[in-house]
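To keep things clear, I will list the structure first and then write my remarks on it.
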Amino acid sequence: MRIVLGVSGGIAAYKAVEVCRRLVDSTHHVTPVLTEAALRFVGAATFSALGSEPVPEGLWSGGIPHTRLGQEADLVLVAPATADLLARYAVGIADDLLTATLLATRAPVVVCPAMHTEMWEHPAVAENLATLRRRGVRVVEPASGRLAGGDVGVGRMAEPETIVAVALAACGPQDLRGRHVVVSAGGTREAIDPVRVITNRSSGKQGHALAAAAASRGARVTLVTSSSLPAPAGVETVEVESASDMQAALQAVASDADVVVMAAAVADFRPKVVADHKGHGVPDLELEPTPDILAGLVAHRRPGQVLVGFAAETDDAVGRARRKLEQKGVDLLVVNDVSAPGAGFDHDTNEVTILESGGGATALPLRSKREVADAVLDKVVARLRGSTGDSA
Ligand code: C5P
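Using numbering that gives the first Met the number 0, you'd call the opening residue of the sequence shown number 0 and step up by one each time.
Quick look at the structure:
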């Protein structure tokens, strides 16, 4: 694969050396393109030695047409992407070889922002990133940690290992590019008092795998999760605790979503009254049902939106799930028999049947949760194509 590795001028440029090495080690052809500011942080000689070809000299002196690299690339990866680079890219300025390459390419583009916290939090940067995301650019979010000049905070470029994983995944089928996919994950926790909760055995692994798979296929992904698993790279994550937190978070994003996948194991009931201090002795708990979040989403679905539910069953899984699909009014219902060995809660594998409104049923033998996620998304993509008549 031909990869243009764009490096703009930030202290994280030294970590781009490692990104370059890893990509070349994975047998990709890497052309490093450094901005003038990047050359103040790292020398072209380092990238020329590690890359697959020397660093081109620039728009005017390199002797190559300004569009060639972009046209030939299978992927353009910018690490680090400074606030300045993101701004120039967002408005379409092409005043150096890297920005010209970004405008000339039709390949997937992945940017890895790195900057001081104040700059990262500035609305100008947030708006530029939102613009780029809307156009299908993948963003590897910065982490929190040590920044240039001894500051500490959010804005530190993601680690090379993460960047390489996201970048290579971006080159898979991009059949969800331009789509907004919302995924819920994890078992909700319903407070009894400030210390104790009612919860269930859900780990959140299947939901997180769905979010990661959707992001790899080019979607903008919002993951609403009550799981303590790390957030997948390139995914916007909203952490929640209870069913009502999850409902509020989902309502805020669902109206903009093309797809909502309710993989969360929402607690079915919660204490009617939450004690405001830790009680002593055995409490006399009165329970009430939680809101049915999925029912609310179905009631307010926007035209063409694909809704996916999950069901965990222990007996007559498919029969019960078929009735649930009809009763809930979803497009797809993924059912797992949680009593089967290797399937369901906390395993890395799952064995499911995907039921479709209108009658289809696909049974998938035991496989990784990521593979299950991709199989579910294949069905989602088919539904999106059917509802819009396009071939996105
Ligand atoms: O009825 P059951 O809990 O089996 O339905 C499972 C599906 O409904 C899942 O997709 C789950 O996320 C969703 N659900 C919900 N709100 C609830 C309970 C379940 O959205 N209170």
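Virtual Cβ for every residue (Gly too), placed ideally from N, Cα, C.
Here the structure is a predicted model, which means the values were calculated and not measured.
Of all the CB atoms in chain C, is at least one closer than 7 Å to the CB of residue i?
i	result
S25	Checking the listed chains, one finds no chain C in this structure; it contains a single protein chain.
Just to confirm, does residue i get its C-beta within under 6 Å of one of the non-hydrogen atoms of the ligand C5P?
i	result
G9	no
M417	In this structure the chain extends from 0 to 391, so residue 417 is not present and cannot be described.
D314	no
L293	yes
T361	no
F344	no
G308	yes
T424	Absent from the structure is residue 424, since the part of the chain shown begins at 0 and ends at 391.
V220	no
V181	no
V265	yes
How would you call residue i, buried or exposed, if buried means at least 16 neighbouring beta carbons within 10 angstroms?
i	result
G385	exposed
H27	buried
W119	buried
Q250	exposed
A11	buried
T30	buried
F40	buried
T98	buried
L286	exposed
A184	buried
T104	buried
Q205	buried
V272	exposed
R369	buried
P54	Sequence inspection shows Val at residue 54; the Pro mentioned does not correspond to that position. Classification for V54: buried.
G148	exposed
V151	exposed
C207	It should be noted that the sequence gives His, not Cys, for residue 207. When all chains shown are included, H207 counts as buried.
T313	exposed
R134	exposed
Could you give the distance in angstroms between the alpha-carbon of residue i and the alpha-carbon of residue j?
i	j	result
E325	S356	7 Å
E240	D377	30 Å
S7	T289	49 Å
A46	A80	Note that residue 46 corresponds to Phe in the displayed sequence, not to Ala. Going by the C-alpha atoms only, they are around 17 Å apart.
G186	L58	53 Å
S390	V110	Confidence at S390 is low in this model, with a pLDDT of 42, below 50, so the placement of that residue should be treated as unreliable; the coordinate-derived value is given next. In a straight line, the C-alpha of S390 is about 26 Å away from that of V110.
V307	V380	12 Å
Q304	V181	11 Å
T34	V75	14 Å
A247	V259	14 Å
V334	L284	31 Å
A89	P282	57 Å
A15	E52	16 Å
P270	A264	17 Å
H279	N199	23 Å
L257	A218	Residue identity check: residue 257 is Asp in the sequence provided, not Leu. Taking the straight line from one Cα to the other gives about 10 Å.
R1	A72	5 Å
V317	D83	54 Å
G341	R301	36 Å
E140	R132	12 Å
H448	A86	Residue 448 cannot be examined here, being either before or after the span of the chain that is shown, 0 to 391.
N127	C19	26 Å
R145	Y13	14 Å
A253	L293	11 Å
L22	A232	18 Å
L4	V163	11 Å
D94	R321	57 Å
L363	A212	17 Å
D315	V337	11 Å
A242	V223	11 Å
H299	G328	12 Å
L296	K323	15 Å
Our contact map puts residue i next to residue j with C-beta atoms below 8 Å; I'd like the distance itself, whole angstroms only.
i	j	result
L396	I353	No information on residue 396 is available, as it lies outside the stretch 0 to 391 that the chain covers here.
V108	R67	Incorrect: roughly 17 Å between the Cβ atoms, too far for contact.
A113	M156	4 Å
E350	A360	Rounded, the Cβ-Cβ distance is 14 Å, inconsistent with contact.
A230	T236	4 Å
S226	D345	S226 to D345, Cβ: 11 Å. No contact.
V196	R188	4 Å
A311	G343	6 Å
P159	E17	4 Å
V32	L102	Incorrect: roughly 13 Å between the Cβ atoms, too far for contact.
Using a Cβ-based criterion (distance less than 6 Å to any ligand heavy atom), does residue i qualify as near the ligand SAH?
i	result
L131	Ligands displayed in this structure: the ligand C5P; the ligand SAH is not among them.
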